[in-house]
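Numbering (our numbering), first residue to last: 186 to 452.
Just so you know, even glycine gets a beta-carbon here, dropped at the ideal spot from N, CA and C.
Note sheet for the following structure.
Next comes the structure, spelled out in structure tokens:
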């Protein structure tokens with residue numbers, strides 16, 4: 186069931202059974218809630234789930250919280266509070282992984298478990314040129330070429346992803362909002378352009394179950410950012426897989442989310 190939201194509030198798709206701790210799905214930069222549709226359906230008989238359009242994306246284009254992962258984390262937390270949700274399992278892809286991590290650090294009591302797919306903020310390196318091309322791609326063929334660089338070398342880009350993104354980019358102000366977000370998450374240093382990082386010492390404070398998934402062919406954020414994670418983090422690295430694990434490794438992702446939920450004390 187799609188949730189309608191006021192212009193300054195976050196939009197989300199909420200489905201599933203009511204009597205369990207919900208899953209909160211947070212998409213990556215430039216995407217939207219629809220990328221989680223198959224996973225939401227997979228879990229629908231087990232527990233409720235909420236897939237957000239993050240601030241500056243999709244139907245949350247004018248919502249509060251546009252900017253850094255920290256700003257978005259505040260917007261998501263506020264919306265969950267408004268809904269009366271005090272505990273949830275978080276699943277975040279790329280930028281959404283950074284948002285989930287910020288939520289876990291600020292309000293650990295809210296996070297029952299956290300499953301992160303190639304999360305942002307786990308190291309300084311980021312393919313900023315590719316992200317800028319992705320942000321500015323507004324027609325089918327241009328977006329397809331950019332996305333081919335985000336998927337593994339032998340992974341097909343699903344047509345539904347391309348058409349879904351194009352549909353959401355055919356609105357005034359989309360490119361400007363994405364540029365605002367990029368400006369917030371990228372940092373220019375003497376060594377070049379980097380992303381803001383979440384300190385390992387801060388992540389080491391987390392006590393909820395955390396799984397981190399990565400692909401060896403990720404050309405957005407390198408797989409080595411999955412190395413030297415805090416001892417309580419579980420890293421899962423997939424061969425022949427790029428940045429887009431939602432589509433490239435759907436069954437494995439669902440299985441690992443379930444494992445993580447089962448390991449939570451109140452899953």
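Would you give the residue range spanned by the beta strand (DSSP E) that residue i belongs to?
i: residue 212; result: Element bounds for residue 212: n/a, residue is neither H nor E.
i: residue 300; result: 296–302
i: residue 314; result: First-last for residue 314: 313–321, but that is the alpha helix (DSSP H), not the beta strand (DSSP E).
i: residue 272; result: That residue, residue 272, is in no beta strand (DSSP E); it is neither H nor E in DSSP.
i: residue 419; result: 418–423
i: residue 200; result: 196–200
i: residue 236; result: 234–238
Can you check which of these residues, the options, is closest to residue i by C-alpha distance?
i: residue 373; options: 448, 309, 447 and 344; result: 309
i: residue 355; options: 220, 325, 377 and 263; result: 325
i: residue 349; options: 412, 329 and 229; result: 329
i: residue 196; options: 241, 230 and 318; result: 241
i: residue 383; options: 236, 435 and 284; result: 284
i: residue 273; options: 293, 279 and 250; result: 293
i: residue 277; options: 267, 288, 229 and 385; result: 288
i: residue 416; options: 397, 339, 244 and 225; result: 397
i: residue 233; options: 426, 201 and 422; result: 201
i: residue 387; options: 365, 414 and 235; result: 414
i: residue 408; options: 395, 360 and 304; result: 304
i: residue 394; options: 286, 343, 318 and 316; result: 286
i: residue 251; options: 236, 199, 228 and 361; result: 361
i: residue 229; options: 243, 249 and 206; result: 206
i: residue 255; options: 312, 431, 334 and 370; result: 370
i: residue 297; options: 311, 275 and 312; result: 275
Tell me the residue span of the alpha helix (DSSP H) that contains residue i.
i: residue 406; result: It is not in any alpha helix (DSSP H) - residue 406 carries neither H nor E in the DSSP assignment.
i: residue 228; result: 222–228
i: residue 247; result: Here residue 247 belongs to no alpha helix (DSSP H), and DSSP marks it neither H nor E.
i: residue 305; result: No alpha helix (DSSP H) holds residue 305; DSSP gives it neither H nor E.
May I have the straight-line CA-CA distance separating residue i from residue j, to the nearest angstrom?
i: residue 307; j: residue 314; result: 19 Å
i: residue 453; j: residue 346; result: Only positions 186 to 452 of the chain appear in this structure, which leaves residue 453 out of reach.
i: residue 281; j: residue 209; result: 10 Å
i: residue 391; j: residue 291; result: 10 Å
i: residue 231; j: residue 376; result: 47 Å
i: residue 443; j: residue 300; result: 10 Å
i: residue 366; j: residue 359; result: 11 Å
i: residue 497; j: residue 401; result: Residue 497 cannot be examined here, being either before or after the span of the chain that is shown, 186 to 452.
i: residue 226; j: residue 236; result: 11 Å
i: residue 379; j: residue 317; result: 13 Å
i: residue 322; j: residue 363; result: 11 Å
i: residue 440; j: residue 279; result: 19 Å
i: residue 426; j: residue 247; result: 34 Å
i: residue 449; j: residue 327; result: 42 Å
Using the rule of at least 16 other Cβ atoms within 10 Å of the residue's Cβ for burial, across every protein chain shown, is residue i buried or exposed?
i: residue 340; result: buried
i: residue 186; result: Confidence at residue 186 is low in this model, with a pLDDT of 46, below 50, so the placement of that residue is unreliable and no value is reported for it.
i: residue 433; result: buried
i: residue 194; result: buried
i: residue 245; result: buried
i: residue 259; result: buried
i: residue 435; result: exposed
i: residue 438; result: buried
i: residue 204; result: exposed
For the ligand SAM, any of its heavy atoms closer than 6 Å to the Cβ of residue i?
i: residue 354; result: Absent from the structure shown: the ligand SAM. Ligands present: none.
For the structure I just gave you, are there three or more beta carbon pairs, one from the stretch 352–371 and one from the stretch 209–219, closer than 8 Å? yes
Is it the case that the stretch 262–269 contacts the stretch 221–233, given that we only count it when at least three CB pairs across the two stretches are under 8 Å? no
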